[in-house]
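To start, the structure under review is shown below, and the notes come after it.
2 protein chains.
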Amino acid sequence: MRLSRYFLPTLKETPREAEIVSHRLMLRAGMIRQEAAGIYSWLPLGKRVLDKICTIIREEQDRSGAIEVLMPTLQPADLWIESGRYDAYGQEMLRITDRHDRPMLYGPTNEEMITAIFKSGVRSYKDLPLNLYHIQWKVRDEVRPRFGTMRSREFLMKDAYSFDLDAEAARRAYYRMFVAYLRTFSRMGLTSVPMKADTGPIGGDLSHEFIILADTGESEVFCDKAMLDLPIPSEDTDFSGDLADLVAPFTAPYAATDEMHDQAAFETAVPEERRVSARGIEVGHIFYFGTKYSAPMGAVVTGPDGKDVPVEMGSYGIGPSRLVPAIIEASHDDDGIIWPASVAPFDVGIINMRSGDEACNSACTSLEAQLQARGLDVLYDDTDARGGAKFAQMDLIGLPKQIIVGPKGLKNGEVEVKDRKTGERSLMSPDAAVNALAASQ
Amino acid sequence: MRLSRYFLPTLKETPREAEIVSHRLMLRAGMIRQEAAGIYSWLPLGKRVLDKICTIIREEQDRSGAIEVLMPTLQPADLWIESGRYDAYGQEMLRITDRHDRPMLYGPTNEEMITAIFKSGVRSYKDLPLNLYHIQWKVRDEVRPRFGTMRSREFLMKDAYSFDLDAEAARRAYYRMFVAYLRTFSRMGLTSVPMKADTGPIGGDLSHEFIILADTGESEVFCDKAMLDLPIPSEDTDFSGDLADLVAPFTAPYAATDEMHDQAAFETAVPEERRVSARGIEVGHIFYFGTKYSAPMGAVVTGPDGKDVPVEMGSYGIGPSRLVPAIIEASHDDDGIIWPASVAPFDVGIINMRSGDEACNSACTSLEAQLQARGLDVLYDDTDARGGAKFAQMDLIGLPKQIIVGPKGLKNGEVEVKDRKTGERSLMSPDAAVNALAASQ
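Listed in order, the protein sequences are those of chains A and B. Taking the numbering used here, the leading residue of the first sequence gets 121, the next gets one more, and so forth. Taking the numbering used here, the leading residue of the second sequence gets 121, the next gets one more, and so forth.
Take a look at the structure:
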């Protein structure tokens with residue numbers, strides 16, 4: 121992509137309304153634009169990050185055996201009256217009346233609708249286990265939306281729903297998502313800590329929040345330091361087996377959000393030098409809630425004994441539009457964002473230090489073509505801005521690697537390759553730069 | 121994908137509520153489920169088709185130089201009051217009041233919001249041309265939603281918006297989208313006919329609808345038969361040039377929707393034997409409307425002469441959720457859907473005629489693995505349903521190719537390959553089947 125043809129409205133000033141660093145950086149890097157309180161447009165750079173995050177989520181959901189569907193954003197109120205949550209959900213539910221005065225709502229979550237879908241399509245235990253997920257926009261009409269897309273009113277959510285014949289099978293389904301979540305966050309460069317959590321309005325018996333540690337986190341969390349260094353299950357994990365042994369190391373050590381924290385138990389369980397007390401950001405939440413929805417809604421399957429039983433369910437959420445700022449909170453410096461390679465909007469930025477100079481133009485377009493041919497996404501700054509402004513903007517948007525091409529270097533047959541994270545710079549030939557960057561992918 | 125682990129709730133009966141064949145087939149093939157009047161869930165098979173359609177749209181938008189963003193579904197009413205459309209839009213606009221009593225709406229289109237985005241990010245003619253598109257759910261609260269996802273209330277739309285300094289540059293932008301649309305529909309196996317159209321509530325000077333011919337089409341259309349056989353611009357088209365010469369063959373012959381039709385002009389322009397009068401389905405609509413939104417909203421750029429001018433705009437829509445039924449209307453038979461290869465949910469279906477039989481199981485799993493290794497998407501019917509039911513279901517869901525594996529054939533070292541469209545069946549070795557199917561991609 122040529123910057124001169126791109127839409128990258130970066131800001132030099134720090135927007136006053138942004139309270140946390142990720143919100144400031146997303147606005148400054150031209151990733152998002154606020155359209156109403158807690159409602160954002162995703163500009164081209166932000167959209168690319170959001171897509172990369174969704175791709176990782178999808179790959180790990182698919183790997184675990186979940187199947188993708190897409191439910192609508194609007195839901196009839198009837199469904200929620202049936203489950204008993206219509207009145208209970210309160211003002212966070214955005215209630216809508218259509219032109220025929222029918223009560224509708226903008227879905228804040230989909231337990232009811234997926235239960236209805238299941239009920240209409242599955243009759244027998246032979247069709248289980250089943251896990252259906254979708255990635256769709258949702259609305260929670262927060263009284264005070266804040267922190268940019270970290271806590272927005274319209275937000276993107278991956279929500280998965282598992283259906284099983286009995287509690288034991290439901291536990292296995294829960295563990296599949298548990299492992300899928302560990303892998304998902306790890307692939308985004310995040311260290312996530314599963315913590316026992318309150319089940320809240322979803323209800324149920326068993327729940328974990330996946331928390332990443334960041335100074336700006338919304339809640340206080342407590343865990344055994346050992347949690348931070350556990351190896352993540354590999355991509356060869358056999359999801360058809362029981363994953364209890366893979367999950368156990370993540371549930372054995374102490375780890376709890378402030379709602380569930382028990383200081384005495386913490387001190388008993390964890391030696392002082394391993395006690396971590398920090399701020400955390402919730403990036404995923406999984407629930408096992410049994411027959412909470414299936415029983416009132418009559419979602420039953422015929423078991424092997426010919427008797428109908430309400431299906432055992434769980435639900436599993438990840439917020440991609442919240443992960444974008446969460447990753448930035450975990451990975452930035454004073455100059456801007458530092459994207460982990462797997463979610464970077466482009467892999468490489470090329471800076472032409474003298475646009476218009478024939479040698480510089482030619483070297484840059486050749487580098488661009490070669491890198492693209494090697495499968496890399498390239499943003500080429502071909503504008504006539506000053507070098508200083510180009511450096512600052514490229515650092516701000518945080519692409520993992522930069523190639524700086526100037527007339528002096530080219531006379532020596534060299535370009536400069538910069539690593540955004542370490543700041544390390546190396547001079548090398550353009551061909552060597554292409555090889556080095558392709559190899560680092 | 122193994123059918124035994126998939127979620128494919130096909131129906132044997134024809135749903136009573138469905139008035140047109142595509143709606144019946146989408147329900148019967150387990151592609152969609154109605155959640156409220158005109159509001160649908162996309163089940164796994166439908167979601168795959170929708171994704172393939174969106175991928176083609178994206179590729180052609182990107183090829184033409186358009187840049188992807190993502191605007192929210194909810195919009196503040198203010199924007200529409202500013203443009204003057206808030207009152208004019210009538211009851212089709214789904215109006216919403218949030219918890220703070222602020223007037224919002226579920227976006228039916230995005231001219232206002234994209235103009236605001238443009239205004240906040242672009243100042244100079246040097247940043248033009250610019251075309252921003254997104255693919256997002258929209259709502260039009262139709263008084264009588266019908267025909268399934270052909271005319272639903274919540275529908276997916278790709279809408280692109282072009283911004284240019286003057287009318288001549290805007291015409292070039294319009295032609296880029298014109299060519300992108302021809303290519304998009306052609307890649308989906310559709311013959312689309314661009315027809316001069318009324319600009320309706322979007323307003324403006326120039327507009328084309330892209331219509332595909334189908335007996336169940338909603339409107340009557342008239343065109344020169346020559347329009348149906350024109351070659352489509354190639355993927356090597358240079359979108360940075362002026363595409364007037366590529367567009368001219370598509371705008372010269374007579375072609376008009378009933379709103380724009382002039383029978384006398386038709387008869388003068390087209391010899392009787394070439395006059396086509398048929399039913400059509402609108403699958404795309406493009407508009408050039410100049411400064412209709414930029415002027416009232418103050419979206420100006422500074423021109424080369426240093427003076428501010430309101431930017432010239434166009435908008436360009438394709439409905440992916442409507443294309444799914446449109447393709448089915450154009451491609452089906454009495455047994456079910458016949459997917460064009462480019463949008464098929466899976467490339468190949470494998471039918472195991474005797475699940476449980478060791479030779480059949482082994483041949484099927486080997487075929488599945490080999491086809492997947494060659495990059496094909498495979499749906500393997502490994503269930504214990506009867507052969508007849510398997511045939512009927514596989515025909516219903518319309519995958520382009522089927523491989524039928526039975527114990528008798530295997531004794532002769534043969535499987536049967538069936539072409540869904542022609543019905544042609546050929547016996548061959550499993551290896552030959554893999555090679556033939558991989559080659560046909």
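Virtual Cβ for every residue (Gly too), placed ideally from N, Cα, C. Values in this document were obtained by computation on a predicted structure and should not be read as measured data.
Original post:
Below 9 Å between beta carbons: does that hold for residue 344/B and residue 390/B?
Top reply: For the purposes of this step, residue 344/B is taken as residue 224 along the second sequence, with counting starting at 1. For the purposes of this step, residue 390/B is taken as residue 270 along the second sequence, with counting starting at 1. The beta carbons of residue 344/B and residue 390/B sit closer together than 9 Å.
Subject >> Test: residue 125/B CB closer than 9 Å to a CB of chain A >> reply: If you number the second sequence from 1, residue 125/B lands on position 5. Chain A contact via Cβ: present.
Subject >> Start-end ranges of the alpha helix (DSSP H) lying completely within the segment 208 to 255 of chain B, minimum 4 residues >> reply: DSSP runs (the alpha helix (DSSP H)) wholly in the segment 208 to 255 of chain B: 231 to 241.
Original post:
Apart from the five residues just before and just after residue 254/A, which ones in its own chain have a Cβ nearer than 6 Å to its Cβ?
Top reply: In the first sequence, the residue the question calls residue 254/A occupies position 134. Same-chain partners within the cutoff: 189, 190, 191.
**OP:** Step through the CB atoms of chain B and report whether any lies within less than 9 Å of the CB of residue 216/A.
**Re:** Start at 1 with the first residue of the first sequence, and residue 216/A comes out as number 96. So, interface residue.
**OP:** Could you list the residues in the segment 184 to 213 of chain B with a C-beta less than 9 Å from some C-beta on chain A, going in chain order?
**Re:** Residues passing the 9 Å Cβ filter: 185, 187, 188, 189, 190, 191, 192, 193, 194, 195, 196, 198, 199, 211, 212.
Original post:
Can you tell me where the alpha helix (DSSP H) with residue 169/B in it begins and where it stops?
Top reply: Here residue 169/B is taken as the residue at index 49 of the second sequence, counted from 1. Taken as a continuous stretch (DSSP letters only), the alpha helix (DSSP H) holding residue 169/B covers 164 to 183.
Original post:
Since residue 237/B meets chain A, which of its residues come closer than 8 Å, beta carbon to beta carbon?
Top reply: Residue mapping note: residue 237/B aligns to position 117 of the second sequence, counting from 1. Those are 153, 161, 163, listed as they occur along chain A.
Original post:
Got a sec: is the Cβ-Cβ distance from residue 297/B to anything in chain A below 9 Å?
Top reply: Position 177 of the second sequence, counted from the first residue, corresponds to residue 297/B. No - not a single Cβ of chain A is within 9 Å of the one on residue 297/B.
Subject >> Alpha carbon of residue 241/B to alpha carbon of residue 152/A, nearest angstrom >> reply: For this step, residue 241/B is matched to residue 121 along the second sequence. For this step, residue 152/A is matched to residue 32 along the first sequence. So the two alpha carbons sit approximately 11 Å from each other.
Original post:
Any Cβ of chain B within less than 9 Å of the Cβ of residue 257/A?
Top reply: As a position in the first sequence, residue 257/A is number 137, starting the count at 1. Yes, residue 257/A lies at the interface with chain B (some Cβ there is under 9 Å from its Cβ).
Subject >> For residue 359/B and residue 487/A, the rounded distance between their alpha carbons >> reply: Residue mapping note: residue 487/A aligns to position 367 of the first sequence, counting from 1. Residue mapping note: residue 359/B aligns to position 239 of the second sequence, counting from 1. Distance between the alpha carbons of residue 487/A and residue 359/B is about 22 Å.
**OP:** May I ask you to report which of helix, strand or coil DSSP gives residue 189/A?
**Re:** For this step, residue 189/A is matched to residue 69 along the first sequence. Residue state, collapsed to three classes: coil.
Original post:
What's the gap between the Cα of residue 458/B and the Cα of residue 440/A?
Top reply: In the second sequence, counting from the first residue as 1, residue 458/B sits at position 338. In the first sequence, counting from the first residue as 1, residue 440/A sits at position 320. Taking the straight line joining both Cα atoms gives about 35 Å.
Original post:
Nearest-angstrom Cα distance between residue 519/A and residue 350/A?
Top reply: For this step, residue 519/A is matched to residue 399 along the first sequence. For this step, residue 350/A is matched to residue 230 along the first sequence. The alpha-carbon separation between residue 519/A and residue 350/A amounts to approximately 28 Å.
Original post:
What does residue 547/B pair with, by DSSP beta-bridge criteria?
Top reply: If you number the second sequence from 1, residue 547/B lands on position 427. Beta-bridge pairing by DSSP links residue 547/B to 536/B.
Original post:
When the Cα atoms are used, what is the spatial distance from residue 251/A to residue 121/B?
Top reply: Locating residue 251/A in the first sequence gives position 131, where the first residue counts as 1. Locating residue 121/B in the second sequence gives position 1, where the first residue counts as 1. Residue 251/A and residue 121/B: Cα-Cα distance of roughly 14 Å.
Original post:
Anyone know if the C-beta pair for residue 316/B and residue 377/B falls short of 9 Å?
Top reply: Along the second sequence, read from residue 1 onward, the residue named residue 316/B stands at position 196. Along the second sequence, read from residue 1 onward, the residue named residue 377/B stands at position 257. The answer is yes: Cβ separation under 9 Å.
Subject >> Within chain A, partners of residue 263/B - CB distance below 7 Å >> reply: In the second sequence, the residue the question calls residue 263/B occupies position 143. Neighbours of residue 263/B on chain A, chain order: 219.
Original post:
Which class does residue 351/A belong to by DSSP, given the choice of helix, strand or coil?
Top reply: Within the first sequence, the letter at position 231 stands for residue 351/A. The DSSP-derived three-state label of residue 351/A is coil.
Original post:
So, using beta-carbon positions, are residue 183/B and residue 291/B closer together than 9 Å?
Top reply: Position 63 of the second sequence, counted from the start, is the residue given in the question as residue 183/B. Position 171 of the second sequence, counted from the start, is the residue given in the question as residue 291/B. Contact: no.
**OP:** With residue 422/B as the anchor, note down where its beta strand (DSSP E) starts and where it stops.
**Re:** Residue numbering aside, residue 422/B sits at position 302 when the second sequence is read from its first letter. 420 to 422 is the span of the beta strand (DSSP E), which, as asked, contains residue 422/B.
**OP:** Using a Cβ cut-off of 9 Å (strictly closer), state whether residue 222/B contacts chain A.
**Re:** As a first step, residue 222/B must be located in the second sequence, where it is residue number 102. So yes, residue 222/B belongs to the interface.
Original post:
Going by the CB atoms, is the gap between residue 537/A and residue 517/A shorter than 9 Å?
Top reply: Taking the first residue of the first sequence as 1, we reach residue 517/A at position 397. Taking the first residue of the first sequence as 1, we reach residue 537/A at position 417. Cβ atoms of residue 517/A and residue 537/A: not closer than 9 Å.
Original post:
Comparing alpha-carbon positions, which option in 504/A, 472/A, 282/A lies nearest residue 411/A?
Top reply: On the first sequence, residue 411/A is found 291 positions in, with the first residue counted as 1. Here the closest residue by C-alpha is 282/A.
Original post:
Is DSSP giving residue 143/B helix, strand or coil here?
Top reply: Position 23 of the second sequence, counted from the start, is the residue given in the question as residue 143/B. Reduced to three states, the DSSP call for residue 143/B is helix.
Original post:
Is there contact between the segment 159 to 172 of chain B and the segment 262 to 272 of chain B, where contact requires at least three CB pairs shorter than 8 Å?
Top reply: Segments in contact, yes.
**OP:** Check each residue of the segment 162 to 182 of chain B: if its Cβ is closer than 9 Å to any Cβ of chain A, include it; give the result in chain order.
**Re:** Taken in chain order, the members of the segment 162 to 182 of chain B whose beta-carbon sits within less than 9 Å of a beta-carbon on chain A are 162, 163, 164, 166, 167, 168, 170, 171.
Original post:
Could you give the residue range of the alpha helix (DSSP H) that holds residue 528/A?
Top reply: As a position in the first sequence, residue 528/A is number 408, starting the count at 1. Per DSSP, the continuous alpha helix (DSSP H) segment holding residue 528/A begins and ends at 527 to 531.
Original post:
From residue 215/A to residue 218/B, what does the alpha carbon distance come to, in whole angstroms?
Top reply: The residue labelled residue 215/A in the question sits at position 95 within the first sequence. The residue labelled residue 218/B in the question sits at position 98 within the second sequence. The straight-line gap from Cα to Cα measures roughly 8 Å.
**OP:** Can you give me the start and stop residues for the beta strand (DSSP E) that residue 196/B sits inside?
**Re:** Here residue 196/B is taken as the residue at index 76 of the second sequence, counted from 1. Counting along the chain, the beta strand (DSSP E) containing residue 196/B begins and ends at 194 to 196.
Original post:
Does the beta carbon of residue 246/A come closer than 9 Å to any beta carbon on chain B?
Top reply: The residue labelled residue 246/A in the question sits at position 126 within the first sequence. By this cut-off, residue 246/A is an interface position.
Original post:
Thinking C-alpha only, which one of 546/A, 208/A, 295/A, 277/A is nearest residue 249/A?
Top reply: Along the first sequence, one-based indexing puts residue 249/A at 129. The residue among 546/A, 208/A, 295/A, 277/A with its C-alpha nearest the C-alpha of residue 249/A is 295/A.
Original post:
So which residues of chain A does residue 571/B contact, with C-beta pairs closer than 9 Å?
Top reply: Residue coverage of chain B in this structure runs from 121 to 561, which leaves residue 571/B outside it and unanswerable.
Subject >> Exposure label - residue 510/A; buried when at least 16 CB within 10 Å >> reply: On the first sequence, residue 510/A is found 390 positions in, with the first residue counted as 1. Looking at its Cβ environment, which holds 16 or more other Cβ atoms inside 10 Å, residue 510/A is buried.
**OP:** Inspect the beta-carbon positions of residue 140/A and residue 278/A and report whether they are closer than 9 Å.
**Re:** By one-based count along the first sequence, residue 140/A stands at place 20. By one-based count along the first sequence, residue 278/A stands at place 158. Taking 9 Å as the Cβ cut-off, residue 140/A and residue 278/A do not qualify as a contacting pair.
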